Amino acid sequence: MDAVDDETRWHALAEQARGCRDCPIGLLGTRMVWGEGPLRPALMLVGEQPGDQEDHQGRPFVGPAGRLLDRALAQLQWPRERLYVTNAVKHFKFEWRGQRRLHKTPAQREAAICAQWLQGELDTVRPGAIVALGATAARALLGPQATVSGLRGRWTTRPADGLPVLVTLHPSALLRLHAGEREPAYVRWLDDLKLASDRLVAGGRPDTGAALKLTNEKGGGP
Ligand code: URA
Numbered sequence: 052m053d054a055v056d057d058e059t060r061w062h063a064l065a066e067q068a069r070g071c072r073d074c075p076i077g078l079l080g081t082r083m084v085w086g087e088g089p090l091r092p093a094l095m096l097v098g099e100q101p102g103d104q105e106d107h108q109g110r111p112f113v114g115p116a117g118r119l120l121d122r123a124l125a126q127l128q129w130p131r132e133r134l135y136v137t138n139a140v141k142h143f144k145f146e147w148r149g150q151r152r153l154h155k156t157p158a159q160r161e162a163a164i165c166a167q168w169l170q171g172e173l174d175t176v177r178p179g180a181i182v183a184l185g186a187t188a189a190r191a192l193l194g195p196q197a198t199v200s201g202l203r204g205r206w207t208t209r210p211a212d213g214l215p216v217l218v219t220l221h222p223s224a225l226l227r228l229h230a231g232e233r234e235p236a237y238v239r240w241l242d243d244l245k246l247a248s249d250r251l252v253a254g255g256r257p258d259t260g261a262a263l264k265l266t267n268e269k270g271g272g273p
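Here it is, written out as structure tokens:
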């Protein structure tokens, strides 16, 4: 399958995911947030699920966790436009607390149902390697036994397709720490991420030709 076919399939999958109501999160009727970035990137970053800001803007990692991620990417000199950034779960799971929508962790069953969409992105985007940010991403990519504490900071091979996966903390985990703990934890997180730097220095995969930029231009729809 060439890049043009994959791009067509990528758009078709995003369209199908927009209408997905296979689990209760889809039934919340919030915006579906698909991934964005080039086809055939050296790295795909996978988070948990969109948050409030991502749900509003229809783009992954644009809220507080995304700002911390952007700070790390800038320090690592990883241009975000060369990465494919997405989430294991495509809808924002939340509960109302007064006027605010508070994040709720997706249940394993919900993440398992959503895995079809992440798999569709993997099949069409075809990254060289994956960075799993947090437990939901690690489980979605490596199976239900995967834990961040057990796998953090080293490359693991994905049994399904042999893709290298680097597991580390989700940036929100750092944001939850007290101010004094946050900076050392951030430095350790950067050290984890640095393990993937050589892949970006090497660039995209040599067999793939020009990378195509895909965005959520159409918005996520409800
Ligand atoms: N947290 C995530 O896991 N993904 C986002 O896109 C935003 C916050």
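All residue numbers for the sequence shown refer to the numbering used here, where the first residue is 52 and numbers rise by one.
The C-beta atom is built at its ideal place from N, Cα and C for all residues, glycine as well.
Quick caveat, the model's predicted, so the values are computed rather than measured.
Per the C-alpha coordinates, the member of W206, G185 and R205 positioned closest to T198 is G185.
Annotated three-state conformation of L220 is coil, per DSSP. In this chain, G98 is not harboured by any alpha helix (DSSP H); it is covered by the beta strand (DSSP E) spanning L94 to G98.
In the three-state reduction of the DSSP assignment, W147 falls in the strand class, which pools E and B. Between the segment 177-191 and the segment 85-97 there are three or more inter-stretch CB-CB distances shorter than 8 angstroms, so the stretches are counted as touching. Cα atoms of H229 and E105: separation of roughly 24 angstroms, rounded to the nearest angstrom.
Using a 10 angstroms sphere on the CB of E132, the tally of other CB atoms stays under 16, which defines it as exposed.
The closest CA to that of T81, considering only R152, L134 and G231, is found on R152.
For V199, no beta strand (DSSP E) encloses it; the enclosing alpha helix (DSSP H) starts and ends at V199 to L202. Inter-segment contact for the segment 104-118 and the segment 153-161 is absent: fewer than three beta-carbon pairs are separated by less than 8 angstroms. Around the C-beta of P101, 16 or more other C-beta atoms lie within 10 Å, and the residue is accordingly described as buried.
Listed as beta-bridge partners of I181 by DSSP are M95 and V216. Of the heavy atoms belonging to the ligand URA, none sits nearer than 7 angstroms to the Cβ of G109. For the set L192, A236, L220 and A224, the Cα lying nearest the Cα of H154 is the one of A224. For V176, the enclosing alpha helix (DSSP H) has its first and last residue at Q159 to V176.
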